[in-house]
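Trainee:
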Amino acid sequence: MTAAESAGASSRRSDLGVPRLVGRDRDLSLLEQALDGRPGFVVVAGEAGIGKTRLLHELLRRRPETALVAVCPPFREPYTLGPVVDAVRRLTDRVAGLPLTGLAGALRPVFPEWAGQLPPAPEPLPDAAAARHRLLRALVELVDALGVGLFVVEDAHWADETTLELLLFLRSRREPSPRLVLTYRPEDVRPASLLRRLLAQAGVTRLEPGPLDTAGTADLVSSMLGGEPVSEEFAEFLRGHTDGLPLAIEESVRLLHDRADLVCEDGAWLRRDVAELDVPPSIRDAVLERTSRLGPAAGAALAALAVLEGERAPALVAEVAGIPLAEAEDGLVEALAGGLLHEDRDARVGFRHMLAARSVHHALGALERGRLHRRAGEALEREPVRRVAELARHFREAGDPGRWAVYAEQAAERAISSGDPRTAFGLLLALLTGGAVRGAAVSRLVQRMPLYAAPGDGPLRELVTVLRETAAGELPPAERTEVAWQLARLMFHVGDVDAASVEMERAVPGLVQDRPVAAVHAMMMLARPLGTAHPAAHHRAWLERAGRLIEAAPGPSAEVRLAFLMDRAATLLVLGDPTGWAAARDLPADGRTPGEVLQRARGFANLGEAAMLWGRYDDARRRLDAAAALAEQHQHLRLRDLVGATLAHLDWLTGDWTGPAKWHASALDADEPVLRADALLLAGLLDAARGDHRRAQEQVRAALAVGRPRGPADGSRDPSAVLARLAIAAGRPGEALAATDAAWRLVEAKGLWLWAAEIAPLRIGALLEEGRVAEAARAAEDFAAGTRGLDAPVATAARRQITALLARADGDLSGAAGHFEEASAAWTALPRPYDALLAREAAAGCRLVGGERVRAVGVLREVFDGLTALGATGDADRVRRTLADEGVRIGARVGRPGYGDRLSPRELDVVRLLVEGRTSAQIARVLGLSPRTVEKHVHSAMRKRGAPSRTALAVVAVESGDVPLPGSVPRQLLTE
38 MTAAESAGAS SRRSDLGVPR LVGRDRDLSL LEQALDGRPG FVVVAGEAGI
88 GKTRLLHELL RRRPETALVA VCPPFREPYT LGPVVDAVRR LTDRVAGLPL
138 TGLAGALRPV FPEWAGQLPP APEPLPDAAA ARHRLLRALV ELVDALGVGL
188 FVVEDAHWAD ETTLELLLFL RSRREPSPRL VLTYRPEDVR PASLLRRLLA
238 QAGVTRLEPG PLDTAGTADL VSSMLGGEPV SEEFAEFLRG HTDGLPLAIE
288 ESVRLLHDRA DLVCEDGAWL RRDVAELDVP PSIRDAVLER TSRLGPAAGA
338 ALAALAVLEG ERAPALVAEV AGIPLAEAED GLVEALAGGL LHEDRDARVG
388 FRHMLAARSV HHALGALERG RLHRRAGEAL EREPVRRVAE LARHFREAGD
438 PGRWAVYAEQ AAERAISSGD PRTAFGLLLA LLTGGAVRGA AVSRLVQRMP
488 LYAAPGDGPL RELVTVLRET AAGELPPAER TEVAWQLARL MFHVGDVDAA
538 SVEMERAVPG LVQDRPVAAV HAMMMLARPL GTAHPAAHHR AWLERAGRLI
588 EAAPGPSAEV RLAFLMDRAA TLLVLGDPTG WAAARDLPAD GRTPGEVLQR
638 ARGFANLGEA AMLWGRYDDA RRRLDAAAAL AEQHQHLRLR DLVGATLAHL
688 DWLTGDWTGP AKWHASALDA DEPVLRADAL LLAGLLDAAR GDHRRAQEQV
738 RAALAVGRPR GPADGSRDPS AVLARLAIAA GRPGEALAAT DAAWRLVEAK
788 GLWLWAAEIA PLRIGALLEE GRVAEAARAA EDFAAGTRGL DAPVATAARR
838 QITALLARAD GDLSGAAGHF EEASAAWTAL PRPYDALLAR EAAAGCRLVG
888 GERVRAVGVL REVFDGLTAL GATGDADRVR RTLADEGVRI GARVGRPGYG
938 DRLSPRELDV VRLLVEGRTS AQIARVLGLS PRTVEKHVHS AMRKRGAPSR
988 TALAVVAVES GDVPLPGSVP RQLLTE
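Quick look at the structure:
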């Protein structure tokens, strides 16, 4: 009897059941074992349709814990913490009576319907990262209060970054946390996703369900046919056509069954003749052919569900589909019977497989899709809790720019209040580039955007295009000024400084009249001597004009005045004006409001960088430490990280290379392009000193590609100086000149010779090697004339280095050796021990050639020891080879005593106090160290133990027996 001989299509479909879980007994057993052990973290990886969700559902059916199941949808703009928020809502409809602290008030933005049940909202935090951290702590408190024992995240490759941060936070806690299970598709994980960091943690159990073999295929098909046997030939045929993918097998069987291509002979199910059988090439085609065989009501319901996504109530499906509820229910029953849908415990229905939902959605015509999205948006508007990100999506797809803009702006506000500025940036960027807002509204929206959260310069350049188009339209004068101002700001952001300066100068007159504070800001941007070929006097004139305006402006706030004074002092120093030091000394010492604290922290950071440009490293560290302390204390975490990057480079300059090596490894994963670029540059410097010049060059070029490149005003962080150093080491002086050409021309045009302190010795050395002696001499004279009289130690050291290079090229080896030694003493005084050692090596080289072998060999021995201790092993090997040529053999490299992967005694002291809940400041006081030294020991211990956070380090240290468990660990560990 064939399937076609049965009572009809509907009864034929009812013969097929939902397949049971087959071929996964071992996976399920391993999954349960991993959850019952420590650390209770399992990831299930596999391609779409392999059966990850089915395996998970079987696990949930067996487990006794309260489970929180978060499903991540494939939205273009992720809904901040949306999967977790929706999961909590499904788990409970109220939080009144739960043991929550005042911290839970931070949950109000994500659970507005519980505002009356949650504590009052805490004071807003000025830093997005701090606000996000507080929200995560509050959410974890809620999860604990709900008694969640198993936290499941499906399709984690689609999770927003804040949800992934929540999982990292849960993993780092010392307190008992819910066991974690994640499913994801490895091929869909973004390169910069935090999911990669989560998956790389120690103790993760990874399962990868494989395709079904012929026997497994037969078992799966048999389970759909009520346990009746399936022929081996048919099972092998299906496995071959579907690659053993369970979803593909199921969809193929359902389609063949619907077509009456299955026959039952002698009690076994088999296929018709292969020559007559046409199996669709993809799951999508199979799904679409099956849905075409359903009734009109089922088709309408499926289309509505595909647009809505997730599990939905039948009444909502009916409203979106535009059919009566009774018809929708009949259609849903038909689709449920056909195995396309599933039903949850709340009688909501959804697609069993995301692939099926996307197949149906993609098959809809543009007009029909837009109509359904409009109905979905209008229906969801009437829900008691408005999910504004979802509403923005529906009205965007519906082609309703007005309501798209309303809800996208609300979603962006919630994202920012939740500490997720990147999602907010994406939502607003889509509005602007999608044409949802026009005219004056464009500049208003750009002004609200967290530009620092942009993932690179590409999106910012898109905004520049939008603003240019807006500026070309009809606008009132005041709005035109505002658009020009925003356009200039953005162009500065992306590094188009010359064009930005032109736009900024155009905007200034209007700003002076309507917005004097913004005018001061514009003038200060024009005063920054970055990128343009204007001479220093041009920038100085804008600085003075800004000062006159702020004095004349009606009552600028204390915050605005402090910001101006801070920026003025730093700008004077960058302009090479020594009066900047007096301006920095006379800065007001007060300022207690949040805005004033931020300006002080930002100002100290800028002054620290300016001090580095001059070579005043002690002054730089003092100011940078002050900036870091204020940023940490007041939770300006982005500023703290940026200051950390500057301090890491200062450490490299001053000879502490262990800290920068650890910092760069963590900064490479940062969302901030500036941090990644600085980390790559620092890695290049370290690689060069270790002798890996090819990799060093790759790192520096990668730094240039990451974001807006630095220039000569950034001193030792100018990539052109690093590239020139590498070229000279490789014996390619022409490349060194090419690397420094643009920077040198800029210095000449501006007359800011302090900026050339890093590149001048390199460029002049390259000119000498190229035989361009007269040109080298002129460059040396220009640099000396431009820096003489400045109390800039880095310029003094550079001048002495140049004098030595010229003497050596002139054949005065004895004089050159003396000048190199003077340069070494100048570098040592800064201190810059690496450059000091290289200068001593050059001096010894001169003495060797000049016949002073004994003296030279003694110096080279000391240089070898110094370079080895520093970590410059590549340079040390070069010195070793020079000594070997002189018949001097050196033993094993001498370095600082190391402990390998073991914690040093000092690290153990620090970790022991950390486990007791002490802050870095408290540990510093106990051990008589600086807070920065304590942080170095903490980061070293984190690296050795593979711990992603301080809390995780405390856990691992206790579990590994490094330190004993104290009587109790304060919750303070969670907030550090």
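Per my numbering, the very first residue in the sequence shown carries number 38; after that it's consecutive. Built from N, CA and C at the ideal position, the CB exists for glycine as well.
1. Taking the C-alpha atoms as reference points, what is the distance between Val948 and Leu990?
2. Per DSSP, what kind of secondary structure is Thr630 in: helix, strand or coil?
3. Is Glu418 buried or exposed, if buried means 16 or more other CB atoms sit within 10 Å of its CB?
4. Taking the beta carbon of Arg61 as the centre, do at least 16 other beta carbons fall within 10 Å, making it buried, or is it exposed?
5. Would you call His399 buried or exposed, if buried means 16 or more other Cβ atoms sit within 10 Å of its Cβ?
6. Three-state secondary structure (DSSP) at Gly54?
7. Please state whether DSSP places His410 in a helix, a strand or coil.
8. In this structure, does DSSP put Thr691 in helix, strand or coil?
9. Tell me the DSSP secondary structure of Tyr489 in three-state form.
10. Within 7 Å (strictly less), CB to CB, does Asp322 reach chain D?
11. For the beta strand (DSSP E) containing Thr200, list its first residue and its last residue.
12. Given that a residue counts as buried once 16 or more other Cβ atoms are within 10 Å of its Cβ, and exposed if not, what is Gly888?
13. Assuming Glu245 is part of the alpha helix (DSSP H), what are its boundary residues?
14. Does DSSP put Phe148 in a helix, in a strand, or in coil?
15. Taking buried to mean at least 16 other C-beta atoms within 10 Å of its own C-beta, is Ser997 buried or exposed?
16. Please check the pair Trp864 and Ala853, which I expect to be a contact at CB under 8 Å, by giving their CB distance rounded to whole angstroms.
17. Rounded to the nearest angstrom, how far is the Cβ of Ala341 from that of Leu409, given a contact under 8 Å?
18. What's the gap between the Cα of Arg747 and the Cα of Pro756?
19. Looking only at its chain, what residues have a beta carbon closer than 7 Å to the beta carbon of Pro1001, apart from the 5 residues adjacent to it on each side?
20. Which ranges would you report for the beta strand (DSSP E) in the stretch 367-430 if only whole runs of at least 3 residues count?
21. For Pro351 versus Glu366, is the C-beta spacing smaller than 7 Å?
22. Please list the terminal residues of the continuous beta strand (DSSP E) segment that includes Gly253.
23. Three-state secondary structure (DSSP) at Gly439?
24. Please report the residue range of the alpha helix (DSSP H) in which Thr840 lies.
25. I believe Pro868 touches Leu907 by the beta-carbon criterion, under 8 Å. Please report the beta-carbon distance rounded to the nearest angstrom.
26. Could you check whether the stretch 622-631 touches the stretch 793-807, counting it as contact only if at least three pairs of C-beta atoms, one from each stretch, sit closer than 8 Å?
27. Straight-line CA distance for Val952 to Leu207?
28. Touch check for the stretch 789-801 and the stretch 758-776: three-plus C-beta pairs under 8 Å?
29. Specify the secondary structure class of Tyr871 as computed by DSSP and reduced to three states.
30. Rounded to the nearest angstrom, what separates Asp383 and Arg127 at their Cα positions?
31. In angstroms, rounded to a whole number, what distance separates the CA positions of Ala1017 and Ala740?
32. By a C-beta neighbour count over all protein chains shown, 10 Å radius and 16 as the cutoff for buried, is Leu362 buried or exposed?
33. Hey, out of Pro146, Val55, Gly347 and Asp197, whose CA is closest to Val258's CA?
34. Hey, how far is the Cα of Met261 from the Cα of Leu53?
35. Give me the DSSP bridge partner(s) of Thr220.
36. With C-beta atoms as the reference, is Val784 less than 7 Å away from Pro749?
Mentor: In short:
1. 8 Å
2. coil
3. exposed
4. By the neighbour-count rule (16 or more Cβ atoms within 10 Å), Arg61 is buried.
5. Here His399 is exposed, its C-beta having fewer than 16 other C-beta atoms within 10 Å.
6. coil
7. helix
8. helix
9. Here Tyr489 sits in helix by DSSP.
10. The structure shown contains no chain D, having only a single protein chain.
11. Unbroken run through Thr200 is the alpha helix (DSSP H), Glu198 to Ser209; no beta strand (DSSP E).
12. exposed
13. Glu245 -> no alpha helix (DSSP H), and no H or E assigned at all.
14. In this structure, Phe148 counts as coil in the three-state DSSP scheme.
15. exposed
16. Incorrect: roughly 16 Å between the Cβ atoms, too far for contact.
17. 6 Å
18. Using only the alpha carbons, I get a separation of about 7 Å.
19. none
20. 378-380 and 386-388
21. yes
22. Looking at the DSSP string, Gly253 is not in any beta strand (DSSP E); the run it does join, the alpha helix (DSSP H), is Thr251 to Met261.
23. Looking at Gly439 - three-state DSSP - the assignment turns out to be helix.
24. Pro830 to Ala846
25. With a Cβ gap of about 12 Å, Pro868 and Leu907 do not count as contacting.
26. The answer is no - the stretch 793-807 does not touch the stretch 622-631, with fewer than three Cβ pairs under 8 Å.
27. 18 Å
28. yes
29. helix
30. 9 Å
31. Residue 1017 lies beyond the stretch modelled for the chain, which goes from 38 to 1013, so this question has no answer here.
32. exposed
33. Val55
34. 5 Å
35. Val81
36. yes
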